[in-house]
Structures are given as C-alpha cells and as structure tokens.
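A short worksheet on the structure shown next.
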Amino acid sequence: MFDTIAAIATAPGVGAIGVIRVSGPLASSIARAIFRSGHRGPELARRGLHVGWVVDPATEERIDQAVLLVFPGPRSFTGEDVVELQGHGGPAVLRRLLGVVLGQGARLASPGEFTRRAFLSGRIDLAQAEAIGELVSARGERALQAAIGQLEGRLSHEVAQLRLALLELLARIEAAVDFPEDVPELGPPEVLEVLADARIQIDELLAGARAGEIARSGARVAIVGQPNVGKSSLLNALLRSDRAIVTAMPGTTRDVLEADLEIAGIPVRLVDTAGIRPARDEIEKEGVARSWQQVDGADLVILVYDVRSGLAAAEHDLVARAGERPVVIVASKVDLLNPPGAEPGEAQAASWPGDHLGVSSLTRQGLAELEAALAEALLSGSGSGQLGIAVNARHRGALHQARAQLASAAEALDRGLPLDLLSGDLRAAVGALGQITGLDPAEEMLDLLFSRFCIGK
Ligand SMILES: Nc1nc2c(ncn2[C@@H]2O[C@H](COP(=O)(O)OP(=O)(O)OP(=O)(O)O)[C@@H](O)[C@H]2O)c(=O)[nH]1
Ligand SMILES: [Mg+2]
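Read the sequence shown against our numbering and you will find it ends at 1338, with the numbers running on by one and no gaps.
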C-alpha cells in the first residue's frame, strides 16, 4: 500500500484558480478533516463535486473558499482515492492549502509521482505516461498531435500487436519441440516470413522516430551560401521581420544569427550565416569557419544561390559537407529575372532546375512553396509519423534492440540451425518490445523517466 501524496498541480504564480491534488488511502479522510460544506462525512467520500470552505482543522479558521472534487479509486487518474481542491490561484493561499493537507498526514509528491502511480496501478502504460509529459511540454502543433496519439495508445497498440505475433511464433516453436507428435511442423520459410514482417513494422516505427524527435524538440535549419546571395533577406522574409542586417555589400553577415519560428507546426530555429568565400580578414575568417560548423549542427540545410549566377564549386562543397542531411536548394532573387517593363517571360520562368526552389524575398514569390518543402524535408521518411505515432529516444533504443534480435534469429535460421535455437533471440525481442509499454520495468528507469515531470503531474 502506498502512502498519501499531495502537491500544488497548477503552475507557480498567480492564476484564476489553483489546484491541490491529493492521492492515496488518506485522501478522503483528509478532505473530511479540512473541508466544510453543507455535506458531511460519508457524502464527501462519494464521486462528485462540493463547494465549501477549507479550514484549518485545529482552529476552524477559514483559509479559502474552494471546490472539492472527489474521485474514489480505482476510477481515478492514479487508481487510488484522489481528491482535488480548486482554490484561488495565489501563491500564498495555495501554500496554506497545501500546508493543511500535509498537516493531515499527506507527504509532498515528487515530480511525476501521480503519473507514476497511474502507471503502477495499470491505469496507463509507460508509453502513455511519457505522452502525458510530452503533452505538457509540447512546443508546437505537431508535437501536441503526436503526444495525443501516444496518449490514446497508438504506439502501445502497434507494439502490442507486434509483440503478440512474436509470442505466438515463440509458443508454436516451443510446442513443436515439446510435443513433436501433436503439433504440425513449422517450416523455416513460415518463420522467416513472420520475422521479416516484424522487421518491416519496426522499421516503419523507427522511420517515424526522427520526425517525432523534430516535432518534439524542433529542428535546426541553417541558411548557407556565398556572400550577397540573399541569405539574410531570406531569413527576414521567413520571419516576416527585419531581424538580420541586409546590405548590397558582400560579407555583410559575419556572425551566426539565430531566430525561432514555427513552420507547418514544427518549431524551427533558423540560423543565418556568413557567406562562404576566401576570407578577407580575421573576423570574416572566423565567420566563415562558423558557417561550415553550422552545416554540421543542422537538421536541414537551406543552400541559397543567386539565380543569375547559378551553382558553382562553393555550392557543391556545401552539399558535400551536408552529407546525409536534407538540403533544400533555393535559387534566390527570381524577381530580377523579369525586369520591370518586360513581358512576364515564359522562357525565363524555368531558369532554375526543377528540384530547386525559385524564391524572391523581395516579392515573396515562392516562399510558401519553400515553407512546404522545408516541412516535407523535415518530416520525410516518417511513414508512421503520418499515423501520428511518435517514437522517442527510449522507444527507439528498444526497437533497435528488438530488431537486432530478430536479425540474429533470421540469420541462425539461414545457417540451417534448428528452430528451437531461435527461442533465445525471440524471447529477447519480445522483452525489448515489452519495455516500450513498461512490462516488467526496471526501477531506475522509472526514476529517470518520471523525474523529468513537474511536481503535481
Ligand atoms: N531584388 C532582390 N534583391 C534581393 C533579394 N534578396 C536579397 N536581395 C538583395 O541582395 C543583397 C544581399 O542581400 P543579403 O540578404 O544581405 O545577402 P546575404 O546572403 O545575407 O549576404 P552576406 O551576409 O554578405 O553573406 C541586398 O542588397 C538585398 O537587398 C531578392 O529576393 N530580390
Ligand atoms: Mg547576410
């Protein structure tokens, strides 16, 4: 049996209301001791809502007018008896409310302890518990959707199905070993098929991992290119504000400049850099060195070149440096292709290659397409990301582990080893998948996971 925990569940500071949450065996007796309303004793233990006064039971002094919400276990968030006091949202009044609750035998909750109890009582699984943390800290629309999907149990469902398929296979293999007479022979091709299917599913979930990570923590997008091609102008245009200095002089930007914005619901940190060229002085040399570094640290690179001069060796070097990172290539200043007075030229309209994006920061031509291309590149390969299944680093580790075990099982089978030698690998894969929803979790892992929550969650 757990003890009774309590905490202020609303954010610190002044608010219209403030909530004290209490969970555990003493919850309803604490409510009876400190809450005064028309209702008495047993009625306060029933599920529902009461309006009244919180008093200091020693003196009957009134502390706050409040609403008491009663959720008897097991139909509560934690699965235990839970009461919530909604008082006025001032720091002083909430401290006093918490004080009388603690005075009746509750203990201050540690971060995430309510959610941890919800998990331990089986109200939610571990992936859902994490989703609550991610929902609260979601920085953009995408992260929010992914967290809601996870809270609904989409990841848990996928993983449970996968785990079940492997358990079934395991059971058939073991039955065939134990009762060779009664159980029909299981052929290696059949086993290989189950293993291959499972690996495909895992790969799909892993593909969503990068997109999920980006939705959660945002993406770093570096704008690079030669001097004067319009990098700073592009940053300003995307931000819709005059953030960076723009001049007609090549070498205007010498330092790295960062700005935050949201593109298609993804939090993005946009980074403007010094134009790449053989440096003229110490300052520029350092600036150019930092531009190269920004390529290494980016999730995505926007490579800008002046549409009138085309791509040169410098741009190819930048693409090479980007390596595996997605690169979006922008042909800039496309407004200059159609000088004022000239007919809108059909011939010139396609003056840049089809996989480049023609953009004018001046007229905003092509900016919407650029934003769409950025969102797509950032979320690319997210097959399951489209299902709204976000996979975090912990899940990713478990999925990789399961995948490796399945690969080892398939390899053993290919080498002609008997089926029963696969059991160890299959068991390990099943165990790794179980970690995602928190079957048989390690205590330290739970400590680590829930310590990232806020108190009262
Ligand atoms: N017509 C036109 N001019 C542009 C456009 N974008 C930038 N320019 C001009 O090009 C010049 C250079 O622009 P910047 O944004 O400072 O270029 P940059 O790439 O940041 O240059 P550095 O910081 O020197 O590397 C300025 O005179 C801008 O006004 C555009 O889309 N159309
Ligand atoms: Mg600049």
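Virtual Cβ for every residue (Gly too), placed ideally from N, Cα, C.
Computed from a predicted model, the values in this text were never measured in an experiment.
CA-to-CA distance, residue j to residue i, given in whole angstroms
i: V964; j: L1115; result: 53 Å
i: L1314; j: E961; result: 28 Å
i: I898; j: G1003; result: 30 Å
i: Q967; j: L1329; result: 30 Å
i: P1065; j: V1058; result: 11 Å
i: H969; j: L1119; result: 42 Å
i: G1264; j: A1088; result: For G1264, the predicted model reports a pLDDT of 41, less than 50, meaning its position is unreliable; a value from the coordinates is still stated below. For G1264 and A1088, the distance between alpha carbons rounds to 6 Å.
i: A1291; j: V1311; result: 15 Å
i: P955; j: A999; result: 10 Å
i: G929; j: D1078; result: 49 Å
i: W934; j: Q1316; result: 45 Å
i: L1067; j: L1327; result: 39 Å
i: I1144; j: V1209; result: 15 Å
i: D1216; j: T1244; result: 7 Å
i: L1138; j: D1123; result: 13 Å
i: G1099; j: D1180; result: 9 Å
i: L950; j: R1333; result: 27 Å
i: G1337; j: A887; result: 7 Å
i: R822; j: A1103; result: A query on residue 822 cannot be resolved here, the shown segment of the chain reaching from 882 to 1338 and no further.
i: P938; j: F958; result: 27 Å
i: R1281; j: L1045; result: The question names Arg, yet the displayed sequence has His at residue 1281. H1281 and L1045: Cα-Cα distance of roughly 18 Å.
i: L1007; j: L978; result: 31 Å
i: A1212; j: E1085; result: 34 Å
i: H931; j: P923; result: 13 Å
i: R1296; j: E1071; result: 16 Å
Close-in-space but distant-in-sequence residues of the same chain around residue i (CB under 7 Å, 5 per side omitted)
i: V936; result: I915, R917, E942, R943 and I944
i: W1173; result: R1202
i: G1266; result: Confidence at G1266 is low in this model, with a pLDDT of 44, below 50, so the placement of that residue should be treated as unreliable; the coordinate-derived value is given next. So the qualifying residues of the chain are G1089, A1092, G1093 and L1260.
i: A1366; result: For the chain, the structure presents residues 882 to 1338; residue 1366 sits outside this window and is missing.
i: I1054; result: L1067, L1300, D1301, L1303 and S1304
i: S1113; result: A1125, I1126, V1127, T1133, T1134 and D1153
i: S1241; result: K1214, V1215, D1216 and G1247
Simplified DSSP assignment, three categories, for residue i
i: Q967; result: strand
i: D1136; result: coil
i: R1091; result: helix
i: S1232; result: coil
i: A897; result: strand
i: P906; result: coil
i: L1151; result: strand
i: R1158; result: coil
i: G1337; result: coil
i: D1141; result: strand
i: R1308; result: helix
i: F958; result: coil
i: F883; result: coil
i: I889; result: strand
i: R988; result: strand
i: G1319; result: coil
Per-residue burial, residue i [other beta carbons within 10 Å of its own, 16 or more giving buried]
i: A1155; result: buried
i: Q1107; result: buried
i: Q1042; result: exposed
i: P1148; result: buried
i: P1299; result: exposed
i: T940; result: exposed
i: Q946; result: exposed
i: E1227; result: Because E1227 sits at a pLDDT of 49, beneath the cut-off of 50, its placement in the model cannot be relied upon, and the point is left open.
i: H1038; result: exposed
i: V895; result: exposed
i: E1196; result: buried
Where the alpha helix (DSSP H) through residue i begins and ends
i: Q946; result: From DSSP, Q946 is part of no alpha helix (DSSP H) but of the beta strand (DSSP E) over E942 to F952.
i: A1056; result: R1035 to D1059
i: V1208; result: First-last for V1208: V1208 to S1213, but that is the beta strand (DSSP E), not the alpha helix (DSSP H).
i: R1171; result: E1163 to G1178
i: V1017; result: L1007 to S1018
i: I1029; result: E1022 to L1032
Element boundaries [beta strand (DSSP E), containing residue i]
i: W934; result: G929 to D937
i: L1184; result: L1181 to D1187
i: R977; result: First-last for R977: P972 to G984, but that is the alpha helix (DSSP H), not the beta strand (DSSP E).
i: V1200; result: Looking at the DSSP string, V1200 is not in any beta strand (DSSP E); the run it does join, the alpha helix (DSSP H), is A1194 to A1203.
i: A1103; result: A1100 to G1106
6 Å CB neighbourhood of residue i in its chain, flanking five on each side removed
i: L1050; result: V1075
i: A1024; result: A1096 and R1097
i: G1278; result: none
i: E1022; result: G1146
i: P1069; result: L1294
i: Q1082; result: L1043
i: W1233; result: V1188, A1212 and G1239
Chain B contact for residue i (CB, 8 Å cutoff)
i: S1213; result: Given the protein chain composition of this structure (a single chain), no chain B is represented.
Proximity test, residue i beta-carbon vs ligand 4 heavy atom, cut-off 7 Å
i: A1155; result: Ligand 4 is not part of the structure shown, which contains ligand 1 and ligand 2 as its ligands.
Contact set for residue i: own chain, Cβ-Cβ below 8 Å, skip 5 residues either direction
i: V903; result: T885, I886, A887, I911, A912, V963, V964, E965, L966, V982 and A987
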